[in-house]
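So the structure is just underneath, and the comments pick up after that.
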Amino acid sequence: MQVRVLYFASFRDAAGRGEERRYLPDGSRVGDLWKELSRSVPTFGRFPAMPPAAVNREYVTADTRLSEGDEVAFLPPVAGG
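Under the working numbering, the first residue of the sequence shown is numbered 1, with each subsequent residue one higher.
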């Protein structure tokens with residue numbers, strides 16, 4: 001299946017792009033996608049846990065199953081002051 005991954009803020013900088021298409025095996029979950037991204041973008045692999053994620057603009061957990069055409073965004077940490 002194919003999903004669209006959106007990158008924002010520091011994640012966009014680390015990935016070097018604002019979005020991309022990823023092909024995943026059927027039955028993949030959000031956590032599986034994060035693991036794959038962590039292998040291909042070294043900065044992502046430094047996170048101790050998966051950051052908050054949204055699928056089709058709804059917050060989800062790592063166990064959420066993905067479907068063909070889903071739009072996935074991982075939300076980078078934000079520092080305030």
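Yeah, the Cβ is synthetic: ideal placement off N, Cα and C, and Gly gets one too.
All figures in this text were calculated on a predicted structure; none of them were measured in a lab.
(request) Can you grab the Cα-Cα spacing for the pair G54 / R65, in whole Å? (result) Taking the first residue of the sequence shown as position 1, residue 54 is located at position 54. Taking the first residue of the sequence shown as position 1, residue 65 is located at position 65. Strictly speaking, residue 54 in this sequence is Ala, with Gly absent from that position. Distance between A54 and R65, taken at the CA atoms: about 12 Å.
(message) Per DSSP, what are the beta-bridge partners of E58 in this structure?
(response) In the sequence shown, the residue the question calls residue 58 occupies position 58. Answer by DSSP bridge pairing, in chain order: V55.
(message) Taking 8 Å as the threshold (C-beta atoms), are P51 and L75 in contact?
(response) Position 75 of the sequence shown, counting from 1, holds the residue named residue 75. Position 51 of the sequence shown, counting from 1, holds the residue named residue 51. Closer than 8 Å, so yes.
(request) Taking 8 Å as the cut-off, decide whether the C-beta atoms of N1 and L24 are in contact. (result) What you label residue 1 is simply residue 1 of the sequence shown in a count that begins at 1. What you label residue 24 is simply residue 24 of the sequence shown in a count that begins at 1. One detail in the question is off: residue 1 reads as Met in this sequence, not Asn. By the CB criterion at 8 Å, M1 and L24 fall inside the cutoff.
(message) Mapping the DSSP letters down to three states, classify A14 as helix, strand or coil.
(response) Residue numbering aside, residue 14 sits at position 14 when the sequence shown is read from its first letter. The answer is helix: DSSP assigns A14 an H, G or I state.
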